[in-house]
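Notes follow the structure.
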């Protein structure tokens with residue numbers, strides 16, 4: 008009487024089994040791996056494998072050597088079909104996550120602009136108040152490669168007190184650049200350099216990520232002029248005095264929320280009018296108007312203070 012899993016002593020031999028699966032392989036021929044883009048093929052091979060595996064697990068004899076070789080071959084085929092897809096999906100997920108992280112950084116930069124009315128000098132200025140991320144995670148991507156931040160060089164010396172000219176408003180832009188496979192080390196020091204990167208088509212290089220943002224919508228036009236000698240004003244706390252002469256016209260774009268102060272004295276001191284810039288605004292100094300009302304809204308006459 009034999010026990011379970013005992014082999015008969017009369018004859019112990021290798022049993023062959025035909026393991027047919029859709030790979031183009033047949034007994035007596037060389038094994039050929041055929042690339043398959045059809046998900047159904049993976050499912051059919053899987054059913055063959057699990058059917059054979061279940062049958063042998065319930066058998067009293069277990070696997071033969073040939074069957075084991077077949078099982079290993081099936082596993083290899085399944086791995087070759089599935090692994091590239093898994094790798095590609097993981098890479099795509101990392102790219103999508105980096106796109107979102109760059110968008111988060113850009114929103115942090117915009118928040119910084121709104122609150123400080125200036126461009127951050129580096130990405131490190133954003134942590135933790137504007138982007139709730141540790142410094143190391145802010146300046147490098149998850150693969151360990153650097154992120155780079157650039158403001159359009161034409162406005163690199165921007166101060167809100169001076170503002171932007173009408174033509175320079177188009178340059179109110181910044182970029183955040185990174186690469187998931189290497190440090191790209193972009194050199195951007197001129198307008199031409201910036202425009203080259205701004206116009207780069209990165210679709211052919213999926214690991215290259217460029218987030219572009221124009222922030223011209225954060226600015227409003229302020230127009231100040233004089234119809235005669237005298238007056239002074241301050242923009243964002245920075246005064247401009249007439250010194251008894253005629254003020255030069257001021258037509259510049261400043262960040263929304265900028266404080267504008269208008270003083271009738273030749274040297275700025277205590278303003279008669281003060282407001283926060285929330286939309287386009289224009290005033291003219293007119294010494295012929297009554298004291299207390301010499302700064303008047305453009306295209307309006309003198310009014311009583």
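Residue numbers (my numbering): 8 to 312. Ideal placement from N, C-alpha and C gives every residue a C-beta, glycine not left out.
Practice prompt. Reducing DSSP to helix, strand and coil, say where residue 232 ends up.
Written response: It is a strand residue.
Item to complete: Taking residue 145 and residue 133 to be in contact with their CB atoms under 8 Å, please state how far apart those CB atoms are, rounded to whole angstroms.
Response: In this structure residue 145 touches residue 133 by the C-beta definition: roughly 6 Å separates them, less than 8 Å.
Worksheet item: Would you say residue 167 touches the ligand NAD, meaning its beta carbon is less than 8 Å from a heavy atom?
Response: The model depicted lacks the ligand NAD and carries no ligand whatsoever.
Item to complete: My understanding is that residue 243 touches residue 175, with C-beta atoms under 8 Å, so please give their C-beta distance in whole angstroms.
Response: Actually they do not touch by this definition, with Cβ atoms about 17 Å apart.
Worksheet item: Cβ atoms of residue 164 and residue 259: under 9 Å apart, would you say?
Response: Judged by their CB atoms, residue 259 and residue 164 are not nearer to each other than the 9 Å cut-off.
Discussion item. I need the straight-line Cα distance from residue 28 to residue 85, nearest angstrom please.
Written reply: Confidence at residue 28 is low in this model, with a pLDDT of 39, below 50, so its placement is unreliable and the value that follows should be read with caution. Computed Cα separation, rounded: 12 Å.
Item to complete: Please report how far the alpha carbon of residue 236 lies from the alpha carbon of residue 299, in whole angstroms.
Response: Distance between the alpha carbons of residue 236 and residue 299 is about 16 Å.
Worksheet item: DSSP three-state call for residue 92: helix, strand or coil?
Response: Residue 92: helix per DSSP, three-state reduction.
Worksheet item: Span of the beta strand (DSSP E) holding residue 203?
Response: Counting along the chain, residue 203 falls outside any beta strand (DSSP E), though it belongs to the alpha helix (DSSP H) covering 198-205.
Worksheet entry | Simplified DSSP assignment, three categories, for residue 248 | In the three-state reduction of the DSSP assignment, residue 248 falls in the strand class, which pools E and B.
Worksheet item: Who pairs with residue 184 in a beta bridge, going by DSSP?
Response: Beta-bridge pairing links residue 184 to 155, 217.
Worksheet item: Whole-angstrom Cβ separation of residue 292 and residue 254, contact assumed at under 8 Å?
Response: With 8 Å as the limit, residue 292 and residue 254 qualify as a contact, their Cβ atoms being about 6 Å apart.
Discussion item. Within 10 Å of its beta-carbon, does residue 116 have 16 or more other beta-carbons around it, so buried, or fewer, so exposed?
Written reply: Counting Cβ neighbours within 10 Å, residue 116 comes out buried, since at least 16 surround it.
Worksheet entry | Proximity of residue 218 and residue 113 at Cβ, strictly below 9 Å | Remark: C-beta atoms of residue 218 and residue 113 approach each other more closely than 9 Å.
Worksheet entry | Classification of residue 226 by the beta-carbon crowding that lies within 10 angstroms, buried from 16 upward | Label assigned to residue 226: buried.
Worksheet item: With DSSP run on the structure shown, which of helix, strand or coil describes residue 285?
Response: Looking at residue 285 - three-state DSSP - the assignment turns out to be coil, as it is neither helix nor strand.
Worksheet item: Leaving out five residues before and five after residue 283 in sequence, what residues of the same chain have Cβ atoms less than 8 Å from its Cβ?
Response: Taken in chain order, the residues that qualify are 264, 265, 266, 267.
Worksheet item: When the Cα atoms are used, what is the spatial distance from residue 87 to residue 75?
Response: Going by the C-alpha atoms only, they are around 18 Å apart.
Worksheet item: Per DSSP, what kind of secondary structure is residue 142 in: helix, strand or coil?
Response: Looking at residue 142 - three-state DSSP - the assignment turns out to be helix.
Practice prompt. Would you mind giving the Cβ-Cβ distance between residue 186 and residue 215, rounded to the nearest angstrom? I have them listed as a contact below 8 Å.
Written response: For residue 186 against residue 215, the beta-carbon gap comes to about 5 Å, under 8 Å, which counts as contact.
Worksheet entry | Buried or exposed by the 16-neighbour rule on C-beta atoms within 10 Å, applied to residue 304 | Taking every protein chain shown into account, the CB of residue 304 has fewer than 16 other CB atoms within 10 angstroms, so this residue is exposed.
Discussion item. Tell me the rounded alpha-carbon separation between residue 193 and residue 184.
Written reply: Roughly 8 Å between the two C-alpha positions.
Practice prompt. Note down, in chain order, each residue of its chain lying with its Cβ closer than 7 Å to the Cβ of residue 286, except the 5 sequence neighbours on either side.
Written response: The answer, listed in chain order, is 227.
Fill in: Residues bridged to residue 292 [DSSP beta-bridge criterion]
Paired residue(s): 233, 302.
Item to complete: State yes or no: is the C-beta of residue 161 within less than 9 Å of the C-beta of residue 178?
Response: Going by C-beta atoms, residue 161 is nearer than 9 Å to residue 178.
Discussion item. To the nearest angstrom, how far is the alpha carbon of residue 191 from that of residue 306?
Written reply: Roughly 53 Å between the two C-alpha positions.
Item to complete: Please confirm whether residue 273 and residue 245 have their CB atoms less than 9 Å apart.
Response: Taking 9 Å as the Cβ cut-off, residue 273 and residue 245 do not qualify as a contacting pair.
Worksheet item: Quick one, are the C-beta atoms of residue 251 and residue 301 less than 9 Å apart?
Response: For residue 251 and residue 301, no; Cβs fall outside 9 Å.
Worksheet item: Helix, strand or coil: which one does DSSP assign to residue 242?
Response: Residue 242: strand per DSSP, three-state reduction.
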